[in-house]
Amino acid sequence: MAEEEIEVNFQARNPSGIKLLNRLYDGHLVLNDIGVRLDEQLNNEDEELTVPTQEDINNLNDTFGKTVEAFSDITDAYGDVNNFADNFAGSTKDFAEKLITEMVDFNNGIADIGDTEGGLENYDNDKLNDWVNQLMGDIVETNDSFNALVNE
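The sequence shown begins at 2 in the working numbering and counts up one residue at a time.
1. Please go through the same chain and pick out, in chain order, the residues whose beta-carbon is closer than 6 Å to the beta-carbon of A78, but skip the five residues on each side of it.
2. Can you tell me where the alpha helix (DSSP H) holding T68 begins and where it ends?
3. Kindly indicate which residue of T93, L61, I75 and A71 has the alpha-carbon position closest to the one of G110.
4. Ignoring anything shorter than 4 residues, give me the alpha helix (DSSP H) runs that lie fully in the segment 10-52, in order along the chain.
5. Below 8 Å between beta carbons: does that hold for T93 and Q42?
6. Buried or exposed: where does E70 fall if 16 or more other Cβ atoms within 10 Å of its Cβ makes it buried?
7. Note down the Cα distance separating L25 from D106, rounded to an integer number of angstroms.
Structure (structure tokens):
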């Protein structure tokens, strides 16, 4: 697949916030990749579910750690995620808010699974399905807001 160069103009009062936003977006890209593959398998009845793979699990663990660090840095620099989002304007702010929501939902779900005795094996299936569905919706909203930014 050929790489496509995309130019995006971010509107920010404090340009250093863009680096933090990019760190969160890196996490979104991991979730988006897994989500696309999972969605394809769910929509193909003949295909056995293989997502998430062990590599996906490793990437999710890595993403969780990196987003915890990013949110910690955001809190240090801005006080909280709302002040961080307020650093941006226009479509950039909408994108930041969607991205923050997605990554907070991701981190909260991973933390909840981690707090469950026995981890994922003992995690409530309905809660897991609700969380996965919420994340899939979040991913779509983040993608839509990013596309709006690109098209400006």
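Note that beta-carbon positions come from the ideal geometry of N, C-alpha and C, so glycine has one too. Fair warning: this is a prediction, and the values are worked out from it, not measured in the lab.
Let me spell this out:
1. Numbered from its first residue, the sequence shown carries residue 78 at position 77. For A78, where only same-chain residues beyond five positions count, there are no Cβ hits under 6 Å.
2. For the purposes of this step, residue 68 is taken as residue 67 along the sequence shown, with counting starting at 1. T68 -> alpha helix (DSSP H) spans Q55 to Y79.
3. The residue given as residue 110 occupies position 109 in the sequence shown. Of the listed residues, the one whose Cα sits closest to G110 is L61.
4. 17-43
5. By 1-based counting over the sequence shown, the position of residue 93 is 92. By 1-based counting over the sequence shown, the position of residue 42 is 41. It is not a contact, given that the beta carbons lie outside the stated cut-off.
6. The residue labelled residue 70 in the question sits at position 69 within the sequence shown. It is exposed - the Cβ of E70 has fewer than 16 other Cβ atoms within 10 Å.
7. Start at 1 with the first residue of the sequence shown, and residue 25 comes out as number 24. Start at 1 with the first residue of the sequence shown, and residue 106 comes out as number 105. Spanning the two alpha carbons is a distance of roughly 12 Å.
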